[in-house]
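Okay, structure first, notes after.
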Amino acid sequence: MIGTENIDLLPIIFATISATLIAAAGYVINDYFDFAIDKINRPNRVLPAGKITPKSAYIYSITLFTFGIFFSFFTNNIYCIFLAFINAIILFLYAKYFKLTPFFGNLIVAYIATSTFLYGAFSNANLVNIWMIATFAFLLTLIRELIKDCEDIEGDAKLKAKTLALIFGIKKTIQIAFIVATIMILFVLFLWWQAYISNSTIILLNAFVILPTLLFFASLKQNFEKNNLARISKFVKIDMLILLIILGLKI
Numbered sequence: 012m013i014g015t016e017n018i019d020l021l022p023i024i025f026a027t028i029s030a031t032l033i034a035a036a037g038y039v040i041n042d043y044f045d046f047a048i049d050k051i052n053r054p055n056r057v058l059p060a061g062k063i064t065p066k067s068a069y070i071y072s073i074t075l076f077t078f079g080i081f082f083s084f085f086t087n088n089i090y091c092i093f094l095a096f097i098n099a100i101i102l103f104l105y106a107k108y109f110k111l112t113p114f115f116g117n118l119i120v121a122y123i124a125t126s127t128f129l130y131g132a133f134s135n136a137n138l139v140n141i142w143m144i145a146t147f148a149f150l151l152t153l154i155r156e157l158i159k160d161c162e163d164i165e166g167d168a169k170l171k172a173k174t175l176a177l178i179f180g181i182k183k184t185i186q187i188a189f190i191v192a193t194i195m196i197l198f199v200l201f202l203w204w205q206a207y208i209s210n211s212t213i214i215l216l217n218a219f220v221i222l223p224t225l226l227f228f229a230s231l232k233q234n235f236e237k238n239n240l241a242r243i244s245k246f247v248k249i250d251m252l253i254l255l256i257i258l259g260l261k262i
C-alpha cells in the first residue's frame, strides 16, 4: 500500500526511535497524572502498586520526551521535527488537562495514533496512500477510547471527571462509538467504490475487521460489564493490527 522504492532506512530508524520514545513518555506522564484514578480502575499498574514513585515517573517521562525530540532532528525533516514537538506538548497537556474532558480527550488520542503514521511517512518523504491507514487508525482509536470511557466510568465518577460515559451514560456512549464504526464501514465502501482498494482487500477487511467490529458491538448491546468492555477494548487493538497488515500487503 505504501511505496517502497528508493527508501532511505536511516531517517526511518531515527523516526521510529523518536516516535517510540515520545509515545512511551506519553504513557508514563499519563500514568503520573492518572495516579489517583488508577488506584481505583487499575490498582495493579506500576504507580498504584508502588513499584515506582510518582516523582520518578515524572522525571522519566520528561527524559523520554527530551530524547524523543532530540532523535527527531536526525530525520533531517522539518515536518518530523515539528510533529515531534507538537505531539510531545499535546501528550503532556492531554494527560494533565484534557483526558477527562468529554470527547475532546478522545479526539486527541485518536489524533496521536493517526500522527504516528504521518510521522513515518514524513520521515521517508512518502505519503502515498498513507491517508487511508491514518483514517482507519483515527476511527478505530476513537472507537476504543469511547469504550474505555465506559470501562473506566467507576473511577472517573469518583474523581468527578466529565467523560461522555458519565454525561450521557454507557448505552449512549456505545451508540456514539457505533456511529463511528458505521463511518468506518462507509469509508471502506468508498475506498472500494473509488478503486483505491482491490476486491481481495475488501473481502479481507470485511472478514477480519468489519465483521469482528460488528460482533463486538452486538456483544456490548447485551453486556455492559467492565470485564466485557475491557475485552472488547483489547480486541479493537488487535483489529487495528490486522487492518495494518491487510493494507500493508498491497493487495
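The sequence shown maps to residues 12 to 262 in my numbering.
Every residue gets a Cβ at the ideal spot worked out from N, C-alpha and C, and that includes glycine.
Express the C-alpha separation of ALA188 and PHE219 in angstroms, rounding to a whole number. Looking at the two C-alpha atoms, the distance is approximately 19 Å.
8 Å contact criterion, which VAL39 and SER72 should meet: CB distance rounded: About 4 Å separates the two Cβ atoms, so the contact holds.
Please report the distance separating the alpha-carbon of ILE13 from that of ALA206. Because ILE13 carries a pLDDT of 45, less than 50, the predicted location of this residue cannot be relied on, and the following value inherits that uncertainty. Their Cα atoms are separated by approximately 16 Å.
Classification of GLU165 by the beta-carbon crowding that lies within 10 angstroms, buried from 16 upward: Exposed, because fewer than 16 other Cβ atoms sit within 10 Å of the Cβ of GLU165.
Endpoints, alpha helix (DSSP H) assigned at TYR130: Here the alpha helix (DSSP H) through TYR130 covers 115-134.
Within its chain, find whatever has a CB closer than 6 Å to the CB of LEU260; leave out the 5 residues flanking it on each side and keep chain order. None.
What residues in its chain sit with their C-beta under 8 Å from that of PHE115, if we drop five residues either side in the sequence? Around PHE115: PHE109.
Looking at the structure shown, is ASP163 part of a helix, part of a strand, or coil, going by DSSP? Note: ASP163 maps to coil in three-state DSSP.
Reduced DSSP category for GLN233 - H, G, I as helix; E, B as strand; rest coil: Look at GLN233 here: in three-state DSSP terms it is helix.
If you compare alpha carbons, which of ILE154, ILE123 and GLY180 is closest to PHE96? Answer by Cα proximity: ILE123.
Just to confirm, is the Cβ distance from SER134 to ALA26 under 8 Å? Taking the C-beta atoms as reference points, ALA26 is found nearer than 8 Å to SER134.
Reduced DSSP category for ASP45 - H, G, I as helix; E, B as strand; rest coil: Secondary structure at ASP45: coil, using DSSP grouped into helix, strand and coil.
Buried versus exposed, by CB contacts within 10 Å (16 or more), GLY79: With 16 or more other Cβ atoms inside 10 Å of its own Cβ, GLY79 counts as buried.
Could you have a look at LYS182 and say whether DSSP puts it in helix, strand or coil? In this structure, LYS182 counts as helix in the three-state DSSP scheme.
Quick one: what does DSSP say ASN55 is sitting in, helix, strand or coil? ASN55: coil per DSSP, three-state reduction.
For ILE196, which residues from the same chain have a beta carbon less than 7 Å from its beta carbon, with the 5 sequence-adjacent residues on both sides left out? Listed in chain order, the non-local C-beta contacts of ILE196 below 7 Å within the same chain comprise ILE221, local neighbours out to five positions each way being set aside.
Alpha carbon to alpha carbon, how far is LYS171 from TRP203? Give it in angstroms, no decimals. Their Cα atoms are separated by approximately 44 Å.
Report whether the distance from the Cβ of ALA229 to the nearest heavy atom of the ligand NAD is below 7 Å. Annotation note on the ligand NAD: not contained in the displayed structure, which lists no ligands.
Which one of THR31, LEU226 and LYS183 has the shortest CA to CA distance from PHE82? Among THR31, LEU226 and LYS183, the Cα nearest to that of PHE82 is on THR31.
Endpoints, alpha helix (DSSP H) assigned at ILE89: Counting along the chain, the alpha helix (DSSP H) containing ILE89 begins and ends at 89-104.
Beta carbon of PRO113 nearer than 8 Å to that of LEU175: One thing to note: PRO113 has its Cβ within 8 Å of the Cβ of LEU175.
Buried or exposed: where does ILE48 fall if 16 or more other Cβ atoms within 10 Å of its Cβ makes it buried? ILE48 is buried by the Cβ-count criterion.
For GLY61, name the three-state secondary structure that DSSP assigns. Under the three-state reduction of DSSP, GLY61 is assigned to coil, being neither helix nor strand.
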